[in-house]
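Quick note: the sequence shown uses my numbering, first residue 59, plus one each step.
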Amino acid sequence: NCTITYCTVTCTTSGGSAWVAAAENCTNGGNNTDQTNSTADGIAFSRPVILANDASVAADRGSVTDSGWTTNLSGTYTVYDDVIRVEFVDSLAGTTSPLKIENSRNEIYKAVSRIQYYSGSSLVSFTGMYTDADCTESTGTADDGSDSAGDLSVFYIKAGTAWNTDATGISAGGGESTNRSGSTSSAVPYLNLPKALSSVYATLRDSHKNRIGDYTGTPSSYDFDMDGDGTDDANTSAGAGRYTAVADRAAPVLVAAYTGQETHTAYSGTYDSQPEYDAHNFIELKYSEAVDIGDLTYSGGAVNQQAETSFASAEEHGGAVINNGSSAAEGLTVAGLASVSSGYVVTGKRGSTSADTTVSALYRTFSLTAGGTDEIQTHRVRISIAGYVDGTVSVSGSSYRNWIGYIDSTTAPTGTVTSLANEYITDTAGISLDDSSAAAATTNHKLNTLTVSDTETELYGTWDTSAPSFAPFRTTSSVDPWSSYSYGNAEYYEAIGNTSSGGTTLDRIEFHLFDNTPSYSSDDAYVWFSRRGWCAYGTSSSLYTSYSYAADLFGGSRPFDDTEAARTSGGIRYSSVYGSMSAFKYAAGTDATPSISFDTGTAITGGADGTVFSTTTDTYNSTGSVDGLYFAVYLSDTTLARKSKFTISYDADTGFVTDLAGNRLKTATINTLDLTPPEFNMTISPVGNNFLYVVFSKALNLEEISWKEDDSESWTSRDPLEYIPKGLELIDTGTGAPSSGIAIDEDTPAVKIFENADYTGLILKLKRDTEPANDGNVQLSDIESVYLRVKNIGTSTDPVTGLSGTYVSYIQDSIGNFMTLYDAHALSDFAVNVVNPQYAYNMDSDSNISDVISSYHNGGSWSVHDWSADQSNYGTLMSGKGVYIYAGLSDGTSDNSDGLPANVAAYFDPNPQSSSISATYNSNASQSWRIWLPNVTNDIFEALAPANNPLSNTGFVSQDGEADDDDETYMDFTLDAADLSWKSGDQVKFLFGIMDSSNQSVMIRHVPVFSGDSTGGTYSGTEYPLYALRLTQSLSNSDTLASAGKKIASSLDLWSFKLKSLVSQRGGVTILNNVINASRGESTVVKVTMPSDGSLSVVVMTLDGDIVQYLQHGTASSGDHYYTWNGTTKSGKRVARGMYFVRVFGSGIDETRKVMVVKD
59 NCTITYCTVT CTTSGGSAWV AAAENCTNGG NNTDQTNSTA DGIAFSRPVI LANDASVAAD
119 RGSVTDSGWT TNLSGTYTVY DDVIRVEFVD SLAGTTSPLK IENSRNEIYK AVSRIQYYSG
179 SSLVSFTGMY TDADCTESTG TADDGSDSAG DLSVFYIKAG TAWNTDATGI SAGGGESTNR
239 SGSTSSAVPY LNLPKALSSV YATLRDSHKN RIGDYTGTPS SYDFDMDGDG TDDANTSAGA
299 GRYTAVADRA APVLVAAYTG QETHTAYSGT YDSQPEYDAH NFIELKYSEA VDIGDLTYSG
359 GAVNQQAETS FASAEEHGGA VINNGSSAAE GLTVAGLASV SSGYVVTGKR GSTSADTTVS
419 ALYRTFSLTA GGTDEIQTHR VRISIAGYVD GTVSVSGSSY RNWIGYIDST TAPTGTVTSL
479 ANEYITDTAG ISLDDSSAAA ATTNHKLNTL TVSDTETELY GTWDTSAPSF APFRTTSSVD
539 PWSSYSYGNA EYYEAIGNTS SGGTTLDRIE FHLFDNTPSY SSDDAYVWFS RRGWCAYGTS
599 SSLYTSYSYA ADLFGGSRPF DDTEAARTSG GIRYSSVYGS MSAFKYAAGT DATPSISFDT
659 GTAITGGADG TVFSTTTDTY NSTGSVDGLY FAVYLSDTTL ARKSKFTISY DADTGFVTDL
719 AGNRLKTATI NTLDLTPPEF NMTISPVGNN FLYVVFSKAL NLEEISWKED DSESWTSRDP
779 LEYIPKGLEL IDTGTGAPSS GIAIDEDTPA VKIFENADYT GLILKLKRDT EPANDGNVQL
839 SDIESVYLRV KNIGTSTDPV TGLSGTYVSY IQDSIGNFMT LYDAHALSDF AVNVVNPQYA
899 YNMDSDSNIS DVISSYHNGG SWSVHDWSAD QSNYGTLMSG KGVYIYAGLS DGTSDNSDGL
959 PANVAAYFDP NPQSSSISAT YNSNASQSWR IWLPNVTNDI FEALAPANNP LSNTGFVSQD
1019 GEADDDDETY MDFTLDAADL SWKSGDQVKF LFGIMDSSNQ SVMIRHVPVF SGDSTGGTYS
1079 GTEYPLYALR LTQSLSNSDT LASAGKKIAS SLDLWSFKLK SLVSQRGGVT ILNNVINASR
1139 GESTVVKVTM PSDGSLSVVV MTLDGDIVQY LQHGTASSGD HYYTWNGTTK SGKRVARGMY
1199 FVRVFGSGID ETRKVMVVKD
C-alpha cells in the first residue's frame, strides 16, 4: 500500500491526457494535482461502482448514444424481462458523478461472457451489451474497437433467457408472476460481476484504467432496502458479494385472457347465501405481475365494483364491455383494459330498453377453480357480465341479491386480445403497463399474439349465450320432428292453469322455461320430451341414468357435459322474475289476443305443481322453487274453470326475466301450430335498378333450415338467406322457360327487410345474362313478361313428415312447411319509376295570372313538383283552375331502348275510399303506404287492399296523356277546370295506368296459377291492370340490399298536390303566397285591383321602413294587376330571413301586407 502526495501528472503529448490509476492500494496523501482540478491529467484514486436504483427518479430507457441523452442517475434496474440497465458512478465523488467504463476497444462487449445472473438453475452469462433498452444498438463488438460506442457510464445488458417482469436482484418475483411471454420463470436478475479472473486482469475498468470492484459470491452483508420494508435486504457494495440491488422497473404486460361461467350456488334463505357473481359469464385478464387497476388495488380484494365506461384516472377502473361494431366479427372492448377481435355483448338495465354497458361488475377476489375458496387475485381482474348487484330486494319476508343487468344478445369473446395503453394500470413499483401498441413499436420486445384461452375446465370455457324460452309440450308419441317445435311455433307449451289443493277454479298459470333456447335442429345433441326429460337426439331414451330427468334443471354454458362436475345449472333468476307480472297478458282460449293483465298485487312464485311437469316414473327431479326453471303467475280473474286454456303473451321490454347468467327472455306469444305453406304475397322491382323486393305470406325460417337429401342418412343445416335465391327463378310468362334476359343473382344471399308473425319481406339481387347488361336493371318489358317462381331443385326429405322424394324448397316456415314447386308471382306488381311527373301548374283563362304562373313552372312556388303527402309551397295549386302535368317516361334502360309505354292514363281522386288505401299491406308490413288502385276492373289485388277505389267517387277523374310534341319520352296531361269538382283544401292523389297502343290497360297476373307436373306446365289466372307508382327515396344500384329493401318497403307511393283558393283580400290587395323560401327561389304574388286609372306604387319594406325593392312605381290602369317578389333586393341579393311588409298605395288604395321569408 502506498501514499501519494505532492505529485503532479503531466502529459507531454499535445492535446493528450495522462492519468495514474491509483484506486487500488493507494492513499491520497494530499497536495496532488488530480482529477479534482484537471480534466486532462491527474491521479485517479476512485473506481467505478454500480449505482443503485433511485425510485424517486424516473426510469431511463433511452439510447445512451443519442445526442440529446444525458444520464439522469436513476440507477440499475430491469427494463425488460431480459434486459438490465446498469449505471456506474465515481466511488469517491458519490452518486451524482457518472463514471464512464472504458470502451475504446469494445471492452464492455468483451466482458459480457464474464458477467452472470441466475437462470433458475445455475449461473449463466449475459449475451449482449447495448446502448438502448430495446437492444438494437450494440456498445460495439469489433476487436479493434472500430464500431465502439465510446466510453459509457450507462449501458444495457441482455440475458439469453427471461425472468418474471417483477423479478429483482433478490427475488424471482411473485408466485404467479411470469415473463412477457406468460411463462413463469425462477430466474433472478442479479449481477455476478468479477473484478478480474485468473486469465483476465480486468473485467471492466473506467477510462482512467481503474478496475471495477468485485461483485461476486454470496453477499456477506446488506446495505440496500429492496422491498421497502425498512430492512436492508440487498447488496450494492463491491467486495461484499454479487450485486443484488437490481430493482424492478420492467413494465407489467397482459399475458392471458379467459372466459367462463361461474358456478351456481343454490339460494338458501338469505341474500348472502349466493356470491354476487353467481352463475354469470365472465372475462378474466391476467397480468405478468401484481397490478393496481386504477382504484382497484392489487391487494384490496375488490368485489362487485360497477363497470365504468371511462378509465382515465387513478380513481377509475373502466371495465364496461363495449361492442366495436354491430356484429361479433368486429369484436368488443373492455373499457380501458383490452379489446378482443371477436365477440358481441348487448346488455341493459332493469326498467330501461336502452343498452347499458355499466351493468357488469369487476372483481379482484374470486376462485380459480369451480367451487373453490375465493382469494384476492393480485395479478388478475374478472369482469362479471351483467353481474352488478345493486343491493337487495325483499319478497315475502326473504331477501335476494338485486342483479339489475340483463343480456339481450351475446357471442362469447374469441380470437386475438389486445392490451390497451393505460398509465393507470401499474405494478407495485408504479411502472405502467406495456401495452400491445407500444410493444409492437419495438424491435426485440414485441409481445406474443395473445388469444382468448380455449381451454375447458369446470369453470373456464365458453359462455352461456342462449336466452331462456318457453318449453314446448312434446310427447314421445308425437310424430312431429324436433324441428317443428322451433320457438314460437309449437302447438302447445308447458304452461298450465292450476289452483290450490281442493280448489275448483284457477288462481294461477304455471310455466316451464328452458334455460337455453334450442336450435330445434340436428345440431341439438339432446331434445326434450314432456314428462320424461332431456333425451339423446333421435331417441326418447333418458340421458345419463336409468331414471328420467323431468323436471328440468339443465342449463348454462355446459348443461350436458359428460363430466358431471362440469355441468352448469339451469334456472330463472328469481330476483328478475318476481316483479314481472305486468309483462304477462292472457286471454281465455287458444289463438286469442292476450289483453288481460295478471294480478300485479301478487308476486310471481318459484316452482310449479302442474302434472305436465312431473315424470311418469317414480323417480324424478323437483320443479324447485326460487331460481329454478318453473314459476307461477297469478290470475286476476279467479272464476275460470280448471279446464280453461289460454293464450299467453310476454313483453320483454315491460318485464325483466333472465336466466342465471342474465340472458333475458324474449318477447313471445304462445300460439297454436298451423300447417299452411308460405306463399308469394307481393313483389316490387323498380325499373332501372337491380333489386327485387318480395313479401311472403308467412313468417319464414331465416335462421337455419334442416335439409336431408334423399340419399343421405343425416340432416344438415343450411342458411336460408343464402339458399333462397338458389331456389327461385325468373321465367317467361308465355313459355315457362327461364327468362332469356333478367335473372336472380344466386350468388348474392337474400336480406331480410321485415318479419312478423304472418309475413316476411326479403330483398334479392338481380342480374342480366344478355345484352344490354345494365348491371341487372329491370326493364318495363320484364315486368310485362316475366314471372318469379319456385325453382325445381330436385327431391329431398320433407322436414315436417320425413317423407323422402319430396320437392322441398328452401323457402320454409319455422316448422318446416315449404313453398310449393312452381308457385309463381308477377316479377313486379307495379311499374315503379316508369312514369315520373316533372311539374304541374294551373291553366287559366285570365291571361295575367296565367303568365305569372306559367313563367315560374320550372322552379317557382306556383309550380307543383313536391308530390309528397306533406305538401309545401312546391305542392300547392289554386282551386277552380285547370291543371297541366308534365311527366317523363322511362323503360329502365339508360336510352329508353327497351320500349316506352305506348300510352299512359292518369287517375285522380281527392277522397279515395279508406278501405282501398293499402289497408292490407300496411297492416301486414307495419307501413303507411297511401296507394289506392282505381276500380278499372272489378278484380281486386288483395295483397294491397280489400277493395278498389270506386270510379264513381265524387272528385274521381281520369285523363289520358298526350305525347309531347318535342320529346317522345314525355307526356302531357291537361285537366280542364270545367271537369273538376275539387275544392280548396283538397289533397288530390293520383297515379298512372300503363296502356297499350289501343289505349287499353296493359294486364299482368299478380298470382299466376300453375297447371302441370314436375316436368313443366302452364300458367293461367286473373289479369289485372298494370299501374305506375314511384319511390319517394332515391334508389341506386350501389345501395346495399338492406338499404334498398328498406327504401322500397317504406317509400312506395303515388303522387299528390293540394289546392288553395284564390280569395281577394280587403282593399283590393291580395297576397297569394305570404311565406316564401328565398334560398329555393320561391316567389310571392301580389294581386292589386285598381278601382280606376291612376298612380300605383307597390313597395317591399323592412320592418323599420327601409325600402327593399319597388315592384311598381308609376301609373296603372283600372283592373287586376299581378306583381311578384322572389325575396331579393333591387340589386338581386337575397334578403335575410324574417318578416317584411308589402305596402300598396295610390289612387284609392293604401294597404299593407306581411310576407315571411324563410331559408333552408
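Where is the CB? At the ideal position from N, CA and C, for every residue including glycine. On a predicted model such as this, the values are computed, not experimentally measured, just so you know.
#### Entry: Residues that DSSP places opposite GLU568 in a beta bridge
By 1-based counting over the sequence shown, the position of residue 568 is 510. Note: GLU568 sits in a beta bridge opposite ILE554 and ALA690.
### Message
Run through the DSSP bridge pairs and tell me what MET1053 is partnered with.
### Response
Taking the sequence shown and counting its residues from 1, one reaches residue 1053 at position 995. The partner list for MET1053 (beta bridge, DSSP) reads ASN961 and SER1059.
#### Entry: Residue nearest to GLY401 in terms of C-alpha spacing, selected from TYR325, PHE656, VAL392 and GLY409
In the sequence shown, counting from the first residue as 1, residue 401 sits at position 343. Nearest of TYR325, PHE656, VAL392 and GLY409 to GLY401, Cα basis: VAL392.
### Query
In chain order, what residues of the same chain have a beta carbon less than 6 Å from the beta carbon of GLU737, not counting five sequence neighbours either side?
Here the question's residue 737 lines up with position 679 in the sequence shown. SER755, listed in sequence order.
### Task
Run the CB neighbour count on ASP676, radius 10 Å, all protein chains shown included, and call it buried at 16 or more, exposed below.
Position 618 of the sequence shown, counting from 1, holds the residue named residue 676. Legend: pLDDT at ASP676 = 38, less than 50; position of this residue unreliable, value from coordinates given subsequently. ASP676 should be labelled exposed.
### Query
What's the C-alpha gap between ILE975 and ARG988?
Taking the first residue of the sequence shown as position 1, residue 975 is located at position 917. Taking the first residue of the sequence shown as position 1, residue 988 is located at position 930. The straight-line gap from Cα to Cα measures roughly 5 Å.
### Query
Closest by CA to ILE554, which one among ASP565, GLY546, ASN547 and TYR545?
Locating residue 554 in the sequence shown gives position 496, counting from the first residue. Cα-wise, what sits closest to ILE554 is ASP565.
### Query
Roughly how many whole angstroms lie between the Cα atoms of THR640 and ALA646?
For the purposes of this step, residue 640 is taken as the residue at position 582 of the sequence shown. For the purposes of this step, residue 646 is taken as the residue at position 588 of the sequence shown. Reading off the sequence shown, one finds Ser at residue 640, where the question assumed Thr. One C-alpha to the other measures close to 17 Å.
#### Entry: Sub-7 Å separation of ALA801 and LYS825 beta-carbons
Translated into the one-based positions of the sequence shown, residue 801 becomes position 743. Translated into the one-based positions of the sequence shown, residue 825 becomes position 767. Closer than 7 Å, so yes.
### Task
For the region 632-673, list the beta strand (DSSP E) runs that are entirely contained and at least 3 residues long, ordered along the chain.
642-646
### Task
Taking ILE1062 as the reference, give the member of PRO471, THR523, ILE654 and GLY792 with the closest Cα.
Here residue 1062 is taken as the residue at index 1004 of the sequence shown, counted from 1. It is GLY792 whose Cα lies nearest to the Cα of ILE1062.
### Query
For LEU181, does the count of other Cβ atoms within 10 angstroms reach 16, so buried, or fall short, so exposed?
In the sequence shown, the residue the question calls residue 181 occupies position 123. Exposed, since its Cβ has fewer than 16 Cβ neighbours within 10 Å.
### Query
How do the region 345-364 and the region 249-268 stand: do at least 3 beta-carbon pairs fall below 8 Å, yes or no?
no
### Query
In the structure shown, what three-state DSSP assignment does ILE270 receive?
Walking along the sequence shown from the start, residue 270 turns up at place 212. Coil at ILE270, not helix or strand.
#### Entry: Best match in ALA117, ALA889, ASN1007 and SER326 for proximity to MET1053 [C-alpha to C-alpha]
Here residue 1053 refers to the residue found at position 995 when the sequence shown is read from its first residue. Among ALA117, ALA889, ASN1007 and SER326, the Cα nearest to that of MET1053 is on ALA889.
### Task
Specify whether the region 862-877 and the region 1090-1103 touch according to this definition: at least 3 beta carbon pairs, one from each stretch, less than 8 Å apart.
no
### Query
Can you tell me the Cα-Cα spacing of ALA666 and TYR688, whole angstroms?
Within the sequence shown, the letter at position 608 stands for residue 666. Within the sequence shown, the letter at position 630 stands for residue 688. Spanning the two alpha carbons is a distance of roughly 6 Å.
### Query
How about ILE943 and ALA898: do their beta carbons lie closer than 7 Å?
As a first step, residue 943 is located in the sequence shown; it is residue number 885 there, counting from the start. As a first step, residue 898 is located in the sequence shown; it is residue number 840 there, counting from the start. Yes, these two residues count as a Cβ contact at 7 Å.
### Task
Ignoring anything shorter than 3 residues or poking outside the region 223-282, list the beta strand (DSSP E) runs there in chain order.
246-250
### Query
Is it true that the CB of GLN1170 sits closer than 7 Å to the CB of VAL1158?
Working through the sequence shown from its first residue, we reach residue 1158 at position 1100. Working through the sequence shown from its first residue, we reach residue 1170 at position 1112. No; because the gap between Cβ atoms is not below 7 Å, this pair is not in contact.
#### Entry: Bridge partner(s) assigned by DSSP for LYS823
The residue given as residue 823 occupies position 765 in the sequence shown. In DSSP, LYS823 forms a bridge with PHE749.
### Task
From the DSSP output, in three-state form, read off PRO895 for me.
Within the sequence shown, numbered from 1, the residue matching residue 895 stands at position 837. In this structure, PRO895 counts as strand in the three-state DSSP scheme.
### Query
Which class does ARG1124 belong to by DSSP, given the choice of helix, strand or coil?
For the purposes of this step, residue 1124 is taken as residue 1066 along the sequence shown, with counting starting at 1. In this structure, ARG1124 counts as helix in the three-state DSSP scheme.
### Query
Leaving out five residues before and five after GLU516 in sequence, what residues of the same chain have Cβ atoms less than 6 Å from its Cβ?
Indexing the sequence shown from 1 puts residue 516 at position 458. For GLU516, where only same-chain residues beyond five positions count, the Cβ hits under 6 Å are ALA428, ALA623 and ALA624.
### Task
Would you please state the rounded distance, in angstroms, between the beta carbons of ILE662 and TYR644? I believe it to be under 8 Å.
The residue you call residue 662 lines up with position 604 of the sequence shown. The residue you call residue 644 lines up with position 586 of the sequence shown. That pair is no contact at about 14 Å.
### Query
So is ALA499 buried or exposed if we call it buried at 16+ other beta carbons inside 10 Å?
Residue 499 sits at position 441 when you count from the first residue of the sequence shown. It counts as exposed.
### Query
Smallest Cα separation from ILE441: which of SER558, ASP466, TYR356 and ALA315?
Within the sequence shown, residue 441 is the residue found at index 383, counting from 1. When each option's Cα is compared against that of ILE441, the closest is ALA315.
### Alpha-carbon to alpha-carbon, GLU762 and HIS883
On the sequence shown, position 825 is the one that residue 883 refers to. On the sequence shown, position 704 is the one that residue 762 refers to. The straight-line gap from Cα to Cα measures roughly 25 Å.
### Query
Where GLY286 and GLY198 are concerned, what is the direct C-alpha to C-alpha distance, given to the nearest angstrom?
The residue given as residue 286 occupies position 228 in the sequence shown. The residue given as residue 198 occupies position 140 in the sequence shown. In a straight line, the C-alpha of GLY286 is about 37 Å away from that of GLY198.
### Query
What's the C-alpha gap between SER913 and SER1119?
Indexing the sequence shown from 1 puts residue 913 at position 855. Indexing the sequence shown from 1 puts residue 1119 at position 1061. With a pLDDT of only 39 at SER913, under 50, the local geometry of the prediction cannot be trusted, and the value read off the model is given with reservation. Going from the Cα of SER913 to the Cα of SER1119 covers about 20 Å.
#### Entry: For ARG616, the nearest candidate out of ASN339, LEU505 and ASN835 (CA to CA)
What you label residue 616 is simply residue 558 of the sequence shown in a count that begins at 1. Residue ASN339 is the option with its Cα nearest to ARG616.
### Query
Using the C-alpha atoms, what's the distance from ALA444 back to GLY126?
For the purposes of this step, residue 126 is taken as residue 68 along the sequence shown, with counting starting at 1. For the purposes of this step, residue 444 is taken as residue 386 along the sequence shown, with counting starting at 1. Spanning the two alpha carbons is a distance of roughly 51 Å.
### Message
Out of ASN759, ASP205 and TYR692, which one is the CA nearest neighbour of GLY546?
### Response
Numbered from its first residue, the sequence shown carries residue 546 at position 488. If we check each option's Cα against that of GLY546, ASN759 comes out closest.
### Task
Check VAL122 in the structure and name its three-state DSSP category.
For the purposes of this step, residue 122 is taken as residue 64 along the sequence shown, with counting starting at 1. Of the three classes helix, strand and coil, the one that applies to VAL122 here is coil, per DSSP.
#### Entry: Where ILE351 falls, given that 16 or more other Cβ within 10 Å makes a residue buried
Looking up residue 351 in the sequence shown gives position 293. So ILE351 ends up on the buried side.
### Message
Less than 7 Å between the beta carbons of ALA529 and GLU552, yes or no?
### Response
Numbered from 1 along the sequence shown, position 471 holds the residue referred to as residue 529. Numbered from 1 along the sequence shown, position 494 holds the residue referred to as residue 552. Contact: yes.
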